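Presented below is the structure to which this report refers.
Numbering (the working numbering), first residue to last: 4 to 179.
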């Protein structure tokens with residue numbers, strides 16, 4: 004019988020790290036504190052995209068996952084979106100009242116010319132905010148449906164005799 008010898012692997016001289024390395028990247032675990040910060044920024048008028056671009060914030064994917072999985076955050080987010088509509092209403096006033104760059108100096112000659120590009124951009128900014136407000140807070144800023152015609156109710160009032168005739172005609176049609 005022959006003897007086989009097994010050599011053991013040399014032991015590594017490296018010591019295991021004493022501290023766990025700090026994780027890089029954005030936070031992913033839900034916390035009430037972070038959710039409060041996000042919703043506060045939304046209520047102040049910031050977009051989710053701009054909030055999620057900040058270094059210490061979650062990604063949009065994480066935020067949307069929280070909305071799917073966390074009822075409390077979903078409710079808090081919906082309330083913040085409603086509040087944002089009020090901030091956007093204030094922004095609309097500021098945009099409409101700001102006439103900066105509505106007129107430009109002529110390159111040749113004296114005077115000013117109307118800057119329609121700036122005015123159109125302001126109009127677009129206002130219309131976009133109005134549309135978003137109507138979707139985020141429809142009770143306050145949504146379109147109101149008028150259920151009347153010229154101030155009259157559009158419902159049909161039938162006399163008892165007319166109703167009886169309609170029911171009889173319906174029954175006759177079924178029988179034939």
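Each residue gets a CB set at the ideal place from its N, CA and C atoms; glycine is no exception.
Small disclaimer: the values here were computed from a predicted structure and weren't measured.
- Leaving aside the five residues that flank residue 45 on each side, the residues in its chain whose CB is nearer than 8 Å to its CB run, in chain order, 51, 54, 80, 83, 84, 86 and 87.
- Residue 67 counts as exposed, since fewer than 16 other beta carbons sit within 10 angstroms of its beta carbon.
- Residue state for residue 106 is assigned as strand, using DSSP reduced to three classes.
- Annotated three-state conformation of residue 89 is helix, per DSSP.
- Non-local beta-carbon contacts of residue 122 in its own chain, meaning distances under 7 Å to residues more than five positions away in sequence, involve 105 in chain order.
- For residue 144, the uninterrupted alpha helix (DSSP H) run begins and ends at 141-144, by DSSP.
- Residue pairing by DSSP places residue 76 in no beta bridge whatsoever.
- Residue 170 and residue 144 have their C-alpha atoms spaced approximately 43 Å apart.
- Looking at 61, 56 and 57, the one whose alpha-carbon comes closest to that of residue 38 is 61.
- The distance from the Cβ of residue 48 to that of residue 78 is about 20 Å, inconsistent with a contact at the 8 Å cut-off.
- Residue 136 and residue 92 do touch by the CB rule: their CB atoms are close to 7 Å apart, below 8 Å.
- The alpha-carbon of residue 56 is positioned some 24 Å away from that of residue 134.
- The Cβ atoms of residue 99 and residue 129 sit closer than 8 Å to each other.
- Proximity to residue 119 across 103, 96 and 165 peaks at 103, based on C-alpha coordinates.
- Here the alpha carbons of residue 148 and residue 177 stand approximately 37 Å from one another.
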